[in-house]
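Oh and the sequence shown: position 12 is 12 in the UniProt record's numbering, straight run, nothing missing. The beta carbon of each residue, even a glycine, is placed where N, CA and C say it ideally should be.
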Amino acid sequence: MRILAAGSKKPNGFTLLELLLVISIMALATAGVSLVLRDPSETQLEREADRLAALLEGARAQSRAAGVPVRWRLAPNGFHFDGLPASSTLPTQWLDPNTRAFVPAPLLLGPEPLIPPQTVVLSQASHPERRLQVATDGLRPFAVQAAP
1 MRILAAGSKK
11 PNGFTLLELL
21 LVISIMALAT
31 AGVSLVLRDP
41 SETQLEREAD
51 RLAALLEGAR
61 AQSRAAGVPV
71 RWRLAPNGFH
81 FDGLPASSTL
91 PTQWLDPNTR
101 AFVPAPLLLG
111 PEPLIPPQTV
121 VLSQASHPER
131 RLQVATDGLR
141 PFAVQAAP
């Protein structure tokens, strides 16, 4: 059996320094996780904008290949591509029914290689202050940008 010197006892528990170190590590981990998590409505709006840019470029390519003018316009429950053949399978609905689009006039997507500069502004009904625009200068492809 081991005998301790008088006045000394076996240390129990953790030191203050060890506790502070563990709390600091937990605080940093929590802060990192909260920065990584994003608002799902913002992610949804970005997804809609990326999808719309891809759809507009796809319709623009089909317009040039077929040699027919194609227009993109808003519809009551989504959007529509006028001028594409009936066999075209481009979607005409938003992924999220809360998506709102603002465009002054239907977009002209071809068949000419140069089209007028055009912009569509997207937002969501639940967060109208968050807006993204899908725009082209007429030469470059449609791209997602922050709305002014």
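For D50, I'd like the list of residues in its chain whose CB is within less than 8 Å of its CB, leaving aside the five on either flank, ordered along the chain.
-> V144
For T89, count neighbouring C-beta atoms within 10 Å of its own C-beta (all shown protein chains included) and say buried if the count is 16 or more, exposed if not.
-> exposed
Selected residue, minimal CA-CA separation from L132, among L16, V121, V22 and P91 | V121
Would the beta-carbon of R100 fall within 7 Å of that of S123?
-> yes
Which residue comes first and which comes last in the alpha helix (DSSP H) that contains A27?
-> L16 to V36
According to the neighbour-count rule (16 or more other Cβ atoms, all chains shown, within 10 Å of its Cβ), is L20 buried or exposed?
-> exposed
If you run the structure through DSSP and keep just helix, strand and coil, what is D50?
-> helix
Using the C-alpha atoms, what's the distance from L28 back to G78?
-> 44 Å
Would you decide whether T15 is buried or exposed? Buried here means 16 or more other CB atoms lie within 10 Å of its CB.
-> exposed
Taking S123 as part of the beta strand (DSSP E), name the residues at either end of that continuous run.
-> Q118 to Q124
Where P40 falls: helix, strand or coil (DSSP) = helix
Have a look at Q62 and T119 and give me their C-alpha separation to the nearest angstrom.
-> 20 Å
Supposed contact pair L84 and A59 - C-beta distance, whole angstroms, cut 8 Å | 6 Å
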